[in-house]
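Visitor: In terms of the UniProt record's numbering, the sequence shown is numbered consecutively and its last residue is 390.
Glycine residues also receive a C-beta, built at the ideal position from the N, C-alpha and C atoms.
Everything numeric in this text was worked out from a predicted model, so none of it was measured.
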Amino acid sequence: MVLKLVEAAIQDAAAANLQHLRKLVKPEHLPPCLRRLGEISEFHNPATEPAGLPRFPGNYNSSVPNGYQTATFIAVNGHAEASQQPALHYLVCPTSVVAVEDLHTIFSSMEPSLGVDFEPHLRIIPVPLYPPSSAKQAKDWSQEYWPTVYKGGNPFGPHPALVSRALEDVHSRTGRCMSLARRAGEEVSLAAKGEPIGAVIVDRSGGEDASIIAVAGDARWHHMDKAEEPGSGNVTAHAVMRAIGMVARKRRAPLHKGLAAELDSEESDLDADRPLTPLESDVYTASTVARDGYLCLDLELYITHEPCVMCSMAILHSRFSRVIFGQRMLRTGGLTAVSQNNSGFDIENDDQGLGYGLFWRQELNWRHLAWQWLTDDDLQTRISSQDVHI
1 MVLKLVEAAI
11 QDAAAANLQH
21 LRKLVKPEHL
31 PPCLRRLGEI
41 SEFHNPATEP
51 AGLPRFPGNY
61 NSSVPNGYQT
71 ATFIAVNGHA
81 EASQQPALHY
91 LVCPTSVVAV
101 EDLHTIFSSM
111 EPSLGVDFEP
121 HLRIIPVPLY
131 PPSSAKQAKD
141 WSQEYWPTVY
151 KGGNPFGPHP
161 ALVSRALEDV
171 HSRTGRCMSL
181 ARRAGEEVSL
191 AAKGEPIGAV
201 IVDRSGGEDA
211 SIIAVAGDAR
221 WHHMDKAEEP
231 GSGNVTAHAV
241 MRAIGMVARK
251 RRAPLHKGLA
261 AELDSEESDL
271 DADRPLTPLE
281 SDVYTASTVA
291 RDGYLCLDLE
301 LYITHEPCVM
311 CSMAILHSRF
321 SRVIFGQRML
331 RTGGLTAVSQ
341 NNSGFDIEND
351 DQGLGYGLFW
361 RQELNWRHLA
371 WQWLTDDDLQ
381 TRISSQDVHI
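Rendered as structure tokens:
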């Protein structure tokens, strides 16, 4: 009941995301510097002596790890002994949300409704504002500041060691895969089926024997007249969407039935997840993929250009583990998280990229690694218009 009343009274308590910190903590789970709280028998009243508000033992003014610092209220039930209930320490909210005096007033106003003489013990302590990046860091912070939870992923970026190992792994095949993606884009472009954009999906479950399981070029103009139907074409036929569709189709149907037998009579001409060029057909028929696999879990994607926001989200939902793209698309790309200086590019305005970073964000329920692949001949593969959605 106390928690509900406090949360109702402090409307902005959720403004700071402190989900990595335990809200209710038993005395035995407090860090050593805070356990002495149970040994202190007398406390100042912050409502009458706000300037003398006592703080927990320890160096209150010290910097919190990673340069982040915030002071957070602790409310302690001072009548646990009388009620024969174990004492609990409650992490309320950042000091920026409510003043000490106001918080004490909130607790004091609960006395009539609770039917007890409720005298809260309030303290201000420093706690880590951002989540820990490893289990060890969570353990260290729990011993020094406040019980902290590591949720198995750093919301601010992958661990450098993870990036280093993955980069070493993909480097050996990126050149070959990007060259193949470029060929796929050239074929569909020459056939007037789409823009010169290509994508390659790799299955590395075989260890060093990573295999290419799908190759797709852009087909937004397939069954459409670009001259008569100006616009973006068939957005579901972007290279990324087609490559993902090919993997899904291969998981659904055994290869021995052949491509002709796979065509559903109810399919639309706009469904472009079947091979359209000789290169796409060769890879589709020659490669295999586990039928019981889940989406594109742990697969790698190589694409000649930065995917648009729609395709970036499709990559997330498909559960890819790594994505490597070539040309950055400043006005439409959804993967890059930082802006860049465009002085060396033929761009009429000051576009520096959308900055969405749709590969590793705290709000996402899946995260993957992503790199931009730069080569000496990168300018030869550039699409002149930055308004094209990839």
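Please classify C296: does DSSP put it in a helix, a strand, or coil?
Guide: Looking at C296 - three-state DSSP - the assignment turns out to be coil, as it is neither helix nor strand.
Visitor: Can you tell me the Cα-Cα spacing of Q372 and A239, whole angstroms?
Guide: When rounded, the distance between both Cα atoms is 17 Å.
Visitor: Using a Cβ-Cβ cutoff of less than 6 Å, which residues in the same chain neighbour A243 once the five nearest sequence positions on both sides are dropped?
Guide: Around A243: A199, I201, A214 and A216.
Visitor: Can you say whether S41 is buried or exposed, counting buried as having 16 or more other CB atoms within 10 angstroms of its CB?
Guide: For S41, the predicted model reports a pLDDT of 36, less than 50, meaning its position is unreliable; a value from the coordinates is still stated below. Label assigned to S41: exposed.
Visitor: Tell me the residue span of the beta strand (DSSP E) that contains I324.
Guide: It spans R322 to Q327 - the beta strand (DSSP E) in which I324 sits, taken as one unbroken run.
Visitor: Along the alpha helix (DSSP H) that carries C93, what are the first and last residues, could you check?
Guide: No alpha helix (DSSP H) contains C93, which is instead part of the beta strand (DSSP E) from H89 to P94.
Visitor: How close, in whole Å, do the beta carbons of I125 and W146 come, if the pair is a contact with beta carbons under 8 Å?
Guide: Indeed they touch by this definition, with Cβ atoms about 7 Å apart.
Visitor: Taking the alpha helix (DSSP H) that G185 belongs to, which residues open and close that run?
Guide: Its alpha helix (DSSP H) spans residues P160 to L190.
Visitor: Grab the span of the alpha helix (DSSP H) containing S108 for me, first residue to last.
Guide: Element bounds for S108: V100 to S108.
Visitor: Please look up how many angstroms separate the CB atoms of A210 and D203, rounded, as I've assumed it's under 8 Å.
Guide: About 7 Å separates the two Cβ atoms, so the contact holds.
Visitor: Do the stretch 299-318 and the stretch 174-192 touch if we need at least three Cβ pairs shorter than 8 Å?
Guide: Yes, they touch.
Visitor: Give me, in chain order, the residues of the same chain whose beta-carbon lies closer than 8 Å to that of R55; leave out the 5 immediate sequence neighbours on both sides.
Guide: Only weak support exists for where R55 lies, its pLDDT of 43 falling under 50; the value from the coordinates is given anyway. The residues are R123, I124 and I125.
Visitor: By the three-class DSSP mapping on this structure, what secondary structure does A253 have?
Guide: DSSP places A253 in coil when its eight states are reduced to three.
Visitor: Can you list, in chain order, the residues of its chain with a C-beta nearer than 7 Å to that of R251? Leave out the 5 residues immediately preceding and following it.
Guide: Correct list, in chain order: V289, R291 and G293.
Visitor: Using only CA atoms, which one of L3, H20, H89 and L330 lies nearest to P27?
Guide: For P27, the nearest C-alpha among the options comes from H89.
Visitor: How long is the line joining the alpha carbons of V283 and S232, rounded to whole angstroms?
Guide: Distance between the alpha carbons of V283 and S232: 28 Å.
Visitor: Is it buried or exposed for N234, if we count other Cβ within 10 angstroms and need 16 for buried?
Guide: So N234 ends up on the buried side.
Visitor: Is DSSP giving S134 helix, strand or coil here?
Guide: Note: S134 maps to coil in three-state DSSP.
Visitor: Within 10 angstroms of its Cβ, does V338 collect 16 or more other Cβ (buried), or is it exposed?
Guide: The residue in question, V338, is exposed, as its Cβ has fewer than 16 Cβ neighbours within 10 Å.
Visitor: Closest to P31 by CA distance: which of V188, P196, R173 and A138 is it?
Guide: Selected option, being the one with the closest Cα: A138.
Visitor: Please classify H222: does DSSP put it in a helix, a strand, or coil?
Guide: Coil, per DSSP.
Visitor: Taking just the CA atoms, how far does A135 sit from F359?
Guide: Between F359 and A135, the C-alpha separation is close to 22 Å.
Visitor: Which residues bound the beta strand (DSSP E) around S232?
Guide: Note, S232: premise wrong, no beta strand (DSSP E); not H, not E.
Visitor: Check D203 in the structure and name its three-state DSSP category.
Guide: DSSP places D203 in strand when its eight states are reduced to three.
Visitor: Let's test the definition: count the other Cβ atoms within 10 Å of the Cβ of G152 and tell me whether it reaches 16, buried, or not, exposed.
Guide: Label assigned to G152: exposed.
Visitor: Please tell me whether M246 and D273 are closer than 7 Å, where the distance is taken between their beta carbons.
Guide: Yes, the Cβ-Cβ distance between M246 and D273 is below 7 Å.
Visitor: DSSP three-state label for residue 395, please.
Guide: Any property of residue 395 remains undetermined from this structure, which presents the chain solely from 1 to 390.
Visitor: Please return the same chain residues whose Cβ sits closer than 6 Å to the Cβ of R220, not counting the five positions on each side in sequence.
Guide: Excluding residues within five positions, the ones whose Cβ falls inside 6 Å are G194, G233, N234 and A237.
Visitor: For V235, verify whether its CB is less than 6 Å away from any heavy atom of the ligand NAD.
Guide: This structure does not include the ligand NAD; it has no bound ligands of any sort.
Visitor: Less than 8 Å between C-beta atoms, sequence neighbours within five positions excluded: which residues of the same chain meet that for M313?
Guide: Once the five neighbours on either side are set aside, the close Cβ partners of M313 are G334 and L358.
Visitor: Out of Y130, V25 and A87, state which residue places its alpha-carbon closest to the alpha-carbon of Q19.
Guide: Checked all of Y130, V25 and A87; the closest Cα to Q19 is Y130.
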